[in-house]
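*Asks:* Could you have a look at this structure, given as structure tokens, before my questions?
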């Protein structure tokens with residue numbers, strides 16, 4: 001199969017172009033270093049290869065070394081059809097510096113190359129232009145304006161991709177990028193001025209930090225307030241569906257199974273999809289606008305004290321959606337020590353899988369009141385829990401930094417500030433839908449099997465809708481001494497045990513318990529049932545502390561193993577975080593019991 | 598003077614790199630456009646010795662103190 005390579009500097013939009021052409025959905029965002037490994041996809045009869053962005057063809061980090069070696073191997077491949085160098089039209093000089101180096105390599109190997117000037121709609125939108133014909137004549141390389149975001153120029157690019165283009169002349173001499181940009185590029189520093197205008201506000205000496213905290217507060221507050229109507233709607237839908245299905249079934253084991261296991265277990269889990277959707281949407285706005293890079297700067301100095309880098313904050317924030325892509329994105333941190341510490345502490349950042357657990361326990365333990373008529377206490381508790389995740393991550397980082405030996409060639413912090421861009425609604429919505437679907441499809445089967453097992457163990461041998469005397473109760477009573485010091489009973493012991501498969505299973509398991517005993521199944525009812533079961537606020541809050549710290553995700557451990565190349569590290573991390581979570585939960589229970597009774 | 602001491606809105610020319618900069622660190626700086634003879638504008642200072650914001654060519658970067666104090670510049 002003939003191959004087409006996509007190369008360019010970081011944040012030039014290669015991956016978005018790759019997605020547009022292949023129909024794949026590789027992660028894209030508006031900050032440098034999003035793509036961390038070489039990705040391939042098919043376009044017509046060609047294989048498209050998307051390379052991580054590099055600033056030059058002289059590698060500095062191990063990852064750059066690997067991807068550039070791969071690039072040079074591709075250049076020698078007889079099946080190579082074309083090299084597409086993707087440039088950021090709004091940063092012509094910087095983009096040309098790398099593009100001209102790539103052109104020289106193509107000239108040496110006599111491989112055809114094309115320059116695709118991405119984000120050209122942004123240039124046109126500001127009444128500016130690039131002289132493509134002049135540039136093309138000067139370089140002897142085809143230069144095309146495109147916009148992967150708005151699809152501008154894509155049909156023309158596709159026509160060129162299929163053509164057999166000629167390689168640059170063998171004696172290609174690299175011209176000065178600055179001169180080319182000055183002669184043919186947009187005659188304005190509009191884009192730089194746009195960066196400065198927004199930065200003067202978002203990075204202002206005294207506003208930058210508080211503004212960031214305010215944004216985070218709004219984010220977590222909105223997870224509760226904005227998601228509630230959608231969650232209520234989903235709940236109502238599940239109730240109607242339950243009643244509809246049950247009305248067709250005869251009273252007995254099948255009706256009990258549908259009500260207890262399916263609607264009771266899985267139903268309570270589905271209700272949380274709106275929260276996952278909103279979280280992904282807001283995170284997407286932060287990523288696409290270019291604000292994430294600014295957060296990295298604001299946070300760099302304090303993070304440096306605990307052995308991290310400002311760049312660690314970008315994977316941390318991504319970790320709110322899911323720890324797995326966040327661990328991969330830690331590759332953007334050049335320093336091996338800081339990268340390792342970031343990877344090991346990402347599991348402490350509250351991910352979307354914790355949302356159902358947090359929501360359920362917050363509704364069960366925290367009264368629905370507002371401070372000053374605006375700040376909802378439940379939403380604020382959400383913020384506190386997420387904040388607690390950060391505090392734990394920082395404390396563990398500080399500890400690890402003392403023991404992990406520093407690399408002598410550590411790369412100091414330097415980050416390119418991306419241009420601010422207005423996030424597009426359609427890609428954001430698509431990303432949020434995908435994330436919600438991933439949440440359902442990845443956790444769904446696990447939850448189904450677990451709730452099925454829990455239902456069978458809880459339903460039999462009685463088969464009369466009572467958990468008393470069931471196999472599950474016998475098992476739970478055996479486990480009860482572990483959770484009793486936190487004021488919890490055997491049901492919670494079973495729910496915590498099953499949640500080691502995946503955190504969300506906790507809600508499904510409790511839903512199945514109460515589904516067996518009652519036909520009601522929705523979050524507020526489940527929360528009320530937890531209150532009626534005399535769950536003490538101190539126990540509920542201690543349980544929340546446990547879930548903030550515990551690492552209950554097999555996939556995360558697998559990715560840690562892959563990224564660290566060690567089998568011992570994920571085992572130690574799992575044991576360490578479980579022990580820490582249990583100890584902190586016990587301490588919290590003791591302290592809270594003292595104040596709340 | 599060193600790059601870190603350049604005041605906001607002031608322009609300077611990069612003169613040299615400190616000998617303690619490793620080859621990799623120097624290469625990365627040069628890749629980003631911090632080459633000898635290039636003009637650099639200090640855009641912003643942030644509180645608590647946070648990275649400072651500089652414009653080189655058509656790009657804007659935040660550079661931390663430990664790196665910016667190893668670049669010697671000549672104010673224009």
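Residue numbers (this note's numbering), protein chains in the order written: chain A, 1 to 597; chain B, 598 to 673.
We put the beta carbon where it would ideally sit given N, CA and C, even for glycine.
In this text, all values refer to a predicted model and were calculated from it rather than measured experimentally.
In angstroms, rounded to a whole number, what distance separates the CA positions of residue 78(A) and residue 2(A)?
*Replies:* For the purposes of this step, residue 78(A) is identified with residue 78 of the first chain, where counting begins at 1. For the purposes of this step, residue 2(A) is identified with residue 2 of the first chain, where counting begins at 1. In a straight line, the C-alpha of residue 78(A) is about 9 Å away from that of residue 2(A).
*Asks:* List the residues that DSSP assigns as beta-bridge partners of residue 41(A).
*Replies:* Taking the first chain and counting its residues from 1, the one referred to as residue 41(A) is at position 41. DSSP lists 48(A) as partners of residue 41(A).
*Asks:* Take the Cβ of residue 118(A) as the centre, count every other Cβ of all protein chains shown within 10 Å, and call the residue buried at 16 or more, exposed below.
*Replies:* Residue mapping note: residue 118(A) aligns to position 118 of the first chain, counting from 1. Its Cβ being crowded by 16 or more others within 10 Å, residue 118(A) is buried.
*Asks:* Just to make sure I have the definition right: I need the residues of chain B whose C-beta is within less than 8 Å of the C-beta of residue 416(A). Which are they?
*Replies:* For the purposes of this step, residue 416(A) is taken as the residue at position 416 of the first chain. Result: 629, 656, 657, 658.
*Asks:* Got a sec: is the Cβ-Cβ distance from residue 616(B) to anything in chain A below 7 Å?
*Replies:* The count along the second chain starts at 1 and reaches residue 616(B) at position 19. Residue 616(B) does not count as touching chain A.
*Asks:* Beta carbon of residue 547(A), beta carbon of residue 357(A): below 7 Å?
*Replies:* What you label residue 547(A) is simply residue 547 of the first chain in a count that begins at 1. What you label residue 357(A) is simply residue 357 of the first chain in a count that begins at 1. Contact flag set, yes.
*Asks:* From 306(A), 596(A), 165(A), pick the residue whose C-alpha is nearest to that of residue 141(A); which is it?
*Replies:* If you number the first chain from 1, residue 141(A) lands on position 141. Here the closest residue by C-alpha is 165(A).
*Asks:* Anyone know if the C-beta pair for residue 362(A) and residue 337(A) falls short of 7 Å?
*Replies:* Working through the first chain from its first residue, we reach residue 362(A) at position 362. Working through the first chain from its first residue, we reach residue 337(A) at position 337. It is not a contact, given that the beta carbons lie outside the stated cut-off.
*Asks:* Under 8 Å, with one C-beta from each stretch per pair, do the stretch 271-284 of chain A and the stretch 297-305 of chain A reach the 3-pair mark?
*Replies:* Taking 8 Å as the limit for Cβ pairs, the verdict is that the stretch 297-305 of chain A does not touch the stretch 271-284 of chain A.
*Asks:* Quick one: what's got a C-beta closer than 6 Å to residue 666(B)'s C-beta in the same chain, skipping five residues either side?
*Replies:* As a working mapping, residue 666(B) is identified with position 69 in the second chain. These residues qualify, in order along the chain: 599, 601.
*Asks:* Report all residues from its chain with a CB closer than 6 Å to the CB of residue 537(A); omit the five preceding and five following residues, and keep chain order.
*Replies:* Within the first chain, residue 537(A) is the residue found at index 537, counting from 1. 365, 596.
*Asks:* Please list the partners that residue 51(A) has in chain B, where partner means a Cβ-to-Cβ separation under 9 Å.
*Replies:* Stepping through the first chain from its first residue, residue 51(A) is reached at position 51. Per Cβ cutoff of 9 Å: no residues; residue 51(A) is ~16 Å from chain B at best.
*Asks:* For a contact defined as C-beta to C-beta under 9 Å, what are the partners of residue 287(A) on chain B?
*Replies:* Position 287 of the first chain holds residue 287(A). Going along chain B, no residue has its Cβ under 9 Å from residue 287(A), so there is no contact; the nearest lies around 18 Å.
*Asks:* Contact between the stretch 393-406 of chain A and the stretch 238-254 of chain A: three or more CB pairs below 8 Å?
*Replies:* At 8 Å Cβ cutoff, the stretches do not touch.
*Asks:* Thinking residue 541(A) and residue 592(A) are a contact (beta carbons under 8 Å), I'd like their distance in whole angstroms, please.
*Replies:* As a first step, residue 541(A) must be located in the first chain, where it is residue number 541. As a first step, residue 592(A) must be located in the first chain, where it is residue number 592. 5 Å between Cβ atoms; contact.
*Asks:* Counting along the chain, where does the beta strand (DSSP E) carrying residue 660(B) start and finish?
*Replies:* In the second chain, the residue the question calls residue 660(B) occupies position 63. Run containing residue 660(B): 656-660, per the beta strand (DSSP E) assignment.
*Asks:* Would you say residue 55(A) reaches chain B, if we count a Cβ-Cβ gap shorter than 7 Å as a contact?
*Replies:* Position 55 of the first chain, counted from the first residue, corresponds to residue 55(A). Judged by the 7 Å Cβ criterion, residue 55(A) is in contact with chain B.
*Asks:* Return the Cβ separation of residue 167(A) and residue 111(A) in integer angstroms, given the expectation that the two are a contact with Cβ distance under 8 Å.
*Replies:* Translated into the one-based positions of the first chain, residue 167(A) becomes position 167. Translated into the one-based positions of the first chain, residue 111(A) becomes position 111. Yes, they are in contact, since the Cβ atoms of residue 167(A) and residue 111(A) sit about 5 Å apart, within 8 Å.
*Asks:* From residue 644(B) to residue 92(A), what distance separates their C-alpha atoms?
*Replies:* The residue you call residue 644(B) lines up with position 47 of the second chain. The residue you call residue 92(A) lines up with position 92 of the first chain. In a straight line, the C-alpha of residue 644(B) is about 32 Å away from that of residue 92(A).
*Asks:* Check the Cβ of residue 640(B) against every Cβ in chain A and list those closer than 7 Å, keeping chain order.
*Replies:* Within the second chain, the letter at position 43 stands for residue 640(B). Simply 196.
*Asks:* Name, going along the chain, the residues of the stretch 599-616 of chain B whose beta-carbon falls closer than 8 Å to a beta-carbon of chain A.
*Replies:* The residues in question: there are none.
*Asks:* The alpha helix (DSSP H) that contains residue 145(A), what's its start and end?
*Replies:* Numbered from its first residue, the first chain carries residue 145(A) at position 145. Careful: residue 145(A) lies outside any alpha helix (DSSP H), inside the beta strand (DSSP E) at 143-145.
*Asks:* Run down chain B in chain order and give the residues with a C-beta less than 8 Å from the C-beta of residue 178(A).
*Replies:* Residue numbering aside, residue 178(A) sits at position 178 when the first chain is read from its first letter. Result: 654.
*Asks:* Could you name the residues of the same chain whose beta carbon sits closer than 7 Å to that of residue 490(A), not counting the 5 residues immediately before and after it, in chain order?
*Replies:* Here residue 490(A) refers to the residue found at position 490 of the first chain. 473, 476, 477, 479, 480, listed in sequence order.
*Asks:* Whose C-beta lies closer than 8 Å to the C-beta of residue 578(A) among residues of the same chain, with five residues either side of it excluded?
*Replies:* Indexing the first chain from 1 puts residue 578(A) at position 578. Only 550, 551 meet the Cβ criterion.
*Asks:* How would you list, in chain order, the residues of chain C whose beta-carbon sits under 7 Å from the beta-carbon of residue 60(A)?
*Replies:* The structure shown contains no chain C; its protein chains are A and B.
*Asks:* For residue 640(B), which residues in the same chain have their Cβ closer than 7 Å to its Cβ, ignoring the five residues on either side in sequence?
*Replies:* For this step, residue 640(B) is matched to residue 43 along the second chain. Excluding residues within five positions, the ones whose Cβ falls inside 7 Å are 605, 650, 651, 652, 657.
*Asks:* Measure the beta-carbon distance from residue 267(A) to residue 459(A) and round it to whole angstroms, keeping in mind my assumption that it falls under 8 Å.
*Replies:* By one-based count along the first chain, residue 267(A) stands at place 267. By one-based count along the first chain, residue 459(A) stands at place 459. With 8 Å as the limit, residue 267(A) and residue 459(A) do not qualify as a contact, their Cβ atoms being about 17 Å apart.
*Asks:* Opposite residue 653(B) in the DSSP bridges: which residues?
*Replies:* Indexing the second chain from 1 puts residue 653(B) at position 56. DSSP output for residue 653(B) lists 637(B), 656(B) as bridge partner(s).
*Asks:* I'd like to confirm the pairing. Which residues does DSSP put opposite residue 669(B) in its beta bridges?
*Replies:* Position 72 of the second chain, counted from the start, is the residue given in the question as residue 669(B). According to DSSP, which records beta bridges pairwise, residue 669(B) is partnered with 599(B), 613(B).
*Asks:* Residue 643(B) touches chain A at which residues, Cβ-Cβ below 8 Å?
*Replies:* As a first step, residue 643(B) must be located in the second chain, where it is residue number 46. Within 8 Å Cβ-Cβ: 203, 205, 208, 297, 298.
*Asks:* Secondary structure at residue 105(A), three-state DSSP: helix, strand or coil?
*Replies:* Indexing the first chain from 1 puts residue 105(A) at position 105. Note: residue 105(A) maps to helix in three-state DSSP.
*Asks:* For residue 554(A), collect the residues of the same chain with a Cβ closer than 8 Å to its Cβ; drop the 5 residues on either side in sequence, then sort them by chain order.
*Replies:* As a working note, residue 554(A) is residue 554 in the first chain. The answer, listed in chain order, is 501, 502.
*Asks:* Listing by chain order, which chain B residues have their CB less than 8 Å from the CB of residue 411(A)?
*Replies:* Residue 411(A) sits at position 411 when you count from the first residue of the first chain. By Cβ distance, chain B contributes 621, 622, 625.
*Asks:* In the DSSP assignment, the beta strand (DSSP E) including residue 116(A) goes from what residue to what residue?
*Replies:* Taking the first chain and counting its residues from 1, one reaches residue 116(A) at position 116. Here the beta strand (DSSP E) through residue 116(A) covers 113-118.
*Asks:* Any contact between the stretch 628-636 of chain B and the stretch 44-64 of chain A? By contact I mean 3 or more CB pairs, one from each, below 8 Å.
*Replies:* Contact holds: three or more Cβ-Cβ distances are below 8 Å.
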